[in-house]
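Visitor: Residue numbers for the sequence shown follow numbering that gives the first Met the number 0, beginning at 0 and rising by one.
Glycine is no exception: its CB is placed at the ideal position from the N, C-alpha and C atoms.
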Amino acid sequence: MFSIASFQDKNPLFEISKVGTSILVFLFFASAVNTDRDFRWMSWGLLIVAVVIGVMGVYEGESHGAVQRLSGINVLEGLGNKNAQSLYTLPGLFFGTNLFLRYLRMRKWILVLIIVISIFFIIVGIFLSANRSGWLGLAIIFFSYMVFSGFEMRTIFLGGLLMLFAYVSVDYYASDIYDRKQKQTVEGFASDEGRKILILESLRVGWENPLLGVGYDELHAEMARRLGVARFGKKKMDTHFLFGYIFGASGIFSLAFFIFFLIGMTRALPRPLGMAPLEKKNMDKIRILLISFILLYISRSLFTREILYSPTFMAGMGLIYGYYVRRSKFSVSAVLISKK
């Protein structure tokens, strides 16, 4: 449905190829994870991507002037804006936190220390980017960490230490950026008001053209007209809102199928009666992990449509979903073999 609607554009293959590539990334990672070891190694891969960007952010943050710092450090200069930077770092932080819990239970202290140092650079890098939607992602990851690990005293204690660690890190490296963004949030910011208008207007465009939308090009041209910037020579304005983008550009059917895709991944998979209680508990934890990542995906999609093409987010989603399906199939097979 998205592809059909895209043929309203002058160059439909551009958007179709980006969405198609995103789907292929999801399918590749969903099919590539066959064992617990696969899941761990791919988690490390996403963590390393985030750490590299975090280290670069800290390095550039120390070398930039105050004005440049306050506007946000963009490590991906020339490749993407600072809003896109958290699309590469949040999945790594999400999977890094999961690895932290795993190695903590196994008492592999060297690996725990490496991950803690990694978390330090990632968190500081996200705050240095001055991207508040990335900060919201941090809060969701912390909450998912608490739910996934269980609200035990040890979990709460370690969670408190991580929060303290994050606070000290941000206070030392990015307190000026945080204070400025907090003031803008409280007092109201022109771009915030513009973003609200874009969200509402993109949904209205979809409501007025429900079947196939108006196409990518016309949607962003219409956003520029409705926001009043077209008269200043700016012919296009990004929606910065994934659901409004899908609805306005490709219609209600495309949006509905996308929502069903997200909801469908979260449904509980079949579990035979003979499944061991411990395995049931592990399956529930993996499902919680998957739901948490989808919530992280949705929260970031409220601020950028580019998450639809994000290789790290689609890889992370495919990785957890594939792991969940494989564990379910393994558990069912193990029960059948034991019965035989």
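#1: Can you name, in chain order, every residue of its own chain whose Cβ lies under 8 Å from the Cβ of leucine 261, other than the five neighbours on each side?
#2: By Cβ distance, which residues of its chain are closer than 6 Å to phenylalanine 38, with the 5 residues on each side in sequence left out?
#3: If you measure between the beta carbons of phenylalanine 94 and tryptophan 43, is that distance less than 9 Å?
#4: Counting beta carbon pairs with one atom in the region 18–30 and one in the region 304–320, are three or more of them shorter than 8 Å?
#5: Does the region 238–252 come within contact of the region 201–215, defined as at least 3 CB pairs closer than 8 Å?
#6: Can you give me the C-alpha to C-alpha distance between lysine 339 and alanine 29, rounded to a whole angstrom?
#7: Tell me the DSSP secondary structure of alanine 83 in three-state form.
#8: Confirm, please, whether the CB-CB distance from arginine 194 to phenylalanine 120 is below 9 Å.
#9: Excluding sequence positions up to five away, which residues of its chain have a Cβ less than 6 Å from the Cβ of aspartate 8?
#10: Should alanine 83 be labelled buried (16 or more other beta-carbon atoms within 10 Å of its own) or exposed?
#11: Could you tell me the alpha carbon to alpha carbon distance between isoleucine 341 and methionine 152, rounded to whole angstroms?
#12: DSSP state of asparagine 281, grouped into three classes?
#13: Out of Met0, Tyr308, Asn208 and Leu45, state which residue places its alpha-carbon closest to the alpha-carbon of threonine 20.
#14: Excluding the 5 residues preceding and the 5 following valine 54 in the sequence, name in chain order all residues of the same chain whose CB lies nearer than 7 Å to its CB.
#15: Where lysine 107 and valine 324 are concerned, what is the direct C-alpha to C-alpha distance, given to the nearest angstrom?
#16: Run the CB neighbour count on proline 276, radius 10 Å, all protein chains shown included, and call it buried at 16 or more, exposed below.
#17: Would you tell me roughly how many angstroms separate the C-alpha atoms of phenylalanine 156 and serine 117, rounded to the nearest one?
#18: Indicate the three-state DSSP secondary structure (helix, strand or coil) for asparagine 130 in the structure shown.
#19: Measuring straight from C-alpha to C-alpha, what distance separates glycine 317 and leucine 46?
#20: So, at 6 Å on beta carbons, what are the nonlocal neighbours of leucine 346 in its own chain, with the 5 sequence-adjacent residues on each side left out?
#21: Do serine 85 and arginine 304 come within 9 Å of each other at the CB atom, strictly closer than that value?
#22: Span of the alpha helix (DSSP H) holding isoleucine 251?
#23: By how many angstroms is the C-alpha of leucine 137 removed from the C-alpha of isoleucine 3?
#24: Glutamate 59 and leucine 127 - do their beta-carbons sit closer together than 9 Å?
#25: Under DSSP, the alpha helix (DSSP H) around threonine 20 begins and ends at which residues?
#26: Which residues in the same chain as arginine 101 place their Cβ atom closer than 6 Å to its Cβ, once the five residues preceding and following it in sequence are excluded?
#27: How about glycine 158 and tyrosine 171: are their beta carbons less than 9 Å apart?
#28: Under the assumption that leucine 226 contacts isoleucine 196 (Cβ atoms under 8 Å), give the Cβ distance between them as a whole number of angstroms.
#29: Which one of Leu160, Asn130 and Leu211 has the shortest CA to CA distance from isoleucine 176?
#30: Check leucine 110 in the structure and name its three-state DSSP category.
#31: If you drop the 5 nearest sequence neighbours on each side, which residues of the same chain put their C-beta closer than 7 Å to that of alanine 267?
#32: In chain order, what residues of the same chain lie with their CB nearer than 8 Å to the CB of valine 115, ignoring the 5 residues before and after it?
Guide: Looking at the coordinates:
#1: Ile293, Tyr296 and Ile297
#2: Val32 and Tyr322
#3: yes
#4: yes
#5: yes
#6: The predicted position of lysine 339 is uncertain, since its pLDDT is 48 and thus under 50; a value taken from the coordinates is nonetheless stated next. Answer to the nearest angstrom: the Cα atoms are 30 Å apart.
#7: helix
#8: no
#9: Gly214, Tyr215 and Asp216
#10: buried
#11: The shown model of the chain, from 0 to 339, leaves out residue 341, and the question about it has no answer.
#12: helix
#13: Tyr308
#14: Phe120
#15: 28 Å
#16: exposed
#17: 20 Å
#18: coil
#19: 16 Å
#20: Examination of residue 346 is not possible in this model, given that the chain is present from 0 through 339 alone.
#21: no
#22: 241–265
#23: 36 Å
#24: yes
#25: 11–31
#26: none
#27: no
#28: 6 Å
#29: Asn130
#30: helix
#31: Arg286
#32: Phe99 and Phe164
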